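Student: Per this note's numbering, the very first residue in the sequence shown carries number 17; after that it's consecutive.
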Amino acid sequence: MGAGKFVSNNQRRKGGRMKLEWTTRVASATIVVGLLAVGLIGFLASSNDTSTQSPGGEAITWHSFDEGMALAAKENKKVLVDVYTDWCVWCKKMDKEVYTDGQIGRIIAKDFIAVKFNPEGQELVTMNNEHLNGSLFTQAMGISGYPSTLIFGADGKPITKIDGFQEAKEYAALLTFIGEDHYKTKSFQQFKSGLN
17 MGAGKFVSNN QRRKGGRMKL EWTTRVASAT IVVGLLAVGL IGFLASSNDT
67 STQSPGGEAI TWHSFDEGMA LAAKENKKVL VDVYTDWCVW CKKMDKEVYT
117 DGQIGRIIAK DFIAVKFNPE GQELVTMNNE HLNGSLFTQA MGISGYPSTL
167 IFGADGKPIT KIDGFQEAKE YAALLTFIGE DHYKTKSFQQ FKSGLN
């Protein structure tokens with residue numbers, strides 16, 4: 017036999033084992049990628065859900081900004097805009113604890129058209145016949161943190177901005193105060209003292 021052509025049984029076994037290990041790694045990687053893809057598809061499907069179920073209350077149907085503004089004008093309702101980001105912990109807490117509250121669902125269904133807006137997304141909003149991206153919109157509205165709630169009249173004019181996370185009870189009082197037009201005749205403190 018010539019030099020370099022001799023392969024021992026040990027080397028053959030190692031080569032076979034290396035092929036087996038490589039095949040196992042490729043198969044494992046394929047399974048992991050497949051599971052990640054299935055998980056991502058499930059996540060995307062659930063994140064596109066346009067309603068929030070509130071036990072004992074109304075399900076909140078969320079709209080895009082422009083769609084919500086048009087619907088509000090048609091139904092003569094105010095617009096509640098939940099301005100959030102995907103990374104915001106307090107936004108997720110608001111979704112989980114506040115927007116699922118039955119009383120909140122009933123108040124929103126009665127007096128508002130609900131809009132969810134992620135300023136870091138691709139959605140453009142139309143204000144005063146101008147198309148604004150998320151950054152320009154949040155600057156125009158004076159938003160510096162998340163979550164923020166914007167309330168617009170049926171005419172599209174801003175009424176107020178509510179900064180940060182709100183507990184359900186306080187948020188219900190705020191939404192009732194605005195939704196039922198009490199803000200036109202008294203302060204929020206006067207309104208709250210009448211609730212007790």
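Glycine is no exception: its CB is placed at the ideal position from the N, C-alpha and C atoms.
Computed from a predicted structure; not experimentally measured.
1) Quick check on the burial criterion: 16 or more other C-beta atoms within 10 angstroms. Buried or exposed for aspartate 102?
2) By Cβ distance below 8 angstroms, which residues in the same chain neighbour isoleucine 123 in space, the five residues on each side in sequence not counted?
3) Measure the alpha-carbon distance for lysine 177 versus glycine 210 and round it to whole angstroms.
4) Who pairs with glutamate 146 in a beta bridge, going by DSSP?
5) Closer than 9 angstroms, CB to CB, is isoleucine 167 near chain E or not?
6) Pull the bridge partners of tryptophan 78 from the DSSP assignment, please.
7) Among the candidates Gln205, Lys132, Gln138, Lys202, whose CA atom is the shortest distance from the CA of threonine 77?
8) Closest to threonine 154 by CA distance: which of Asp98, Lys90, Met110 is it?
9) Would you call the CB atoms of phenylalanine 168 and lysine 94 closer than 9 angstroms?
10) Are the Cβ atoms of isoleucine 120 and alanine 184 separated by less than 9 angstroms?
11) Can you pull the DSSP bridge partners for valine 95?
Tutor: Judging by the given coordinates:
1) When all chains shown are included, aspartate 102 counts as exposed.
2) Ala188, Leu191, Thr192, Gly195
3) Taking the straight line from one Cα to the other gives about 23 angstroms.
4) Met143
5) Checking the listed chains, one finds no chain E in this structure; it contains a single protein chain.
6) Ala130
7) Lys132
8) Closest option to threonine 154, judged by alpha-carbon separation, among Asp98, Lys90, Met110: Asp98.
9) yes
10) yes
11) Per DSSP, Ile129, Phe168.
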